[in-house]
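J.: Going left to right, the sequence shown walks through residues 11 to 158 as this note's numbering numbers them.
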Amino acid sequence: MREKILPILQSYPRKRESLIPVLQEVQGMLGYLPEEAVVEIAQFMGVSLSDIYGVASFYAQFRFQRQGQYSVKVCQGTACHVRGGTRIMSEVKQQIDIEPGQTTPDYKYSLERVACFGACALAPVMVVDKTVYGRMTTPQVKKILARY
Ligand code: FES
11 MREKILPILQ SYPRKRESLI PVLQEVQGML GYLPEEAVVE IAQFMGVSLS
61 DIYGVASFYA QFRFQRQGQY SVKVCQGTAC HVRGGTRIMS EVKQQIDIEP
111 GQTTPDYKYS LERVACFGAC ALAPVMVVDK TVYGRMTTPQ VKKILARY
């Protein structure tokens with residue numbers, strides 16, 4: 011692990027202020043922040059593990075579990091909720107058999123609940139990776155997931 015992330019670690023000053031960009035880059039490379047990487051970062055930067063977990067836990071962008079190949083996000087904001095977002099989420103959960111915050115055992119999908127994508131006119135909204143699917147209906151869920 012050290013050899014993998016060393017170029018990132020060495021490209022920043024060993025200061026606390028570098029912690030967030032370092033975590034972002036390491037996560038960008040590995041897809042998440044495995045414990046081994048967090049230990050290496052802590053040692054290299056001279057900060058404690060609890061400091062790193064404290065900082066990283068504050069930002070929703072950091073992940074400590076391996077993520078699925080595809081990220082499935084279902085909006086549960088007000089506009090989406092009113093237009094059936096709960097049914098869309100139930101259908102997704104049924105299709106991939108996981109709860110929000112979980113990843114399928116084959117690491118194909120990760121599921122997240124989102125408060126609002128800022129695309130309320132398209133409610134209810136589901137996003138797979140970076141593709142936005144608006145005006146979702148429950149039968150569309152299966153068809154869309156089958157593309158991935
Ligand atoms: S509430 Fe779903 S996109 Fe805004």
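Note that CB positions come from ideal geometry on N, CA and C, so glycine has one too.
Note that the structure is a prediction, hence the values are computed from the model and not measured.
1. How about S120 and S81: are their beta carbons less than 8 angstroms apart?
2. Can you list, in chain order, the residues of its chain with a C-beta nearer than 7 angstroms to that of R145? Leave out the 5 residues immediately preceding and following it.
3. Just to confirm the assignment, what range does the alpha helix (DSSP H) spanning V48 have?
4. Measuring only the C-alpha atoms, how far is E13 from D139?
5. Going by alpha carbons, who is nearest to V124 out of Q112, F54, V137, T113?
6. If you compare alpha carbons, which of V32, R26, K25 is closest to L16?
7. Does any heavy atom of ligand 1 sit closer than 7 angstroms to the C-beta of V135?
T.: So, from the data block:
1. yes
2. L132
3. 45 to 55
4. Near 29 angstroms, if we compare the C-alpha coordinates of D139 and E13.
5. V137
6. Its Cα nearest to that of L16, the residue V32 stands out among V32, R26, K25.
7. Answer for V135: yes, Cβ within range of ligand 1.
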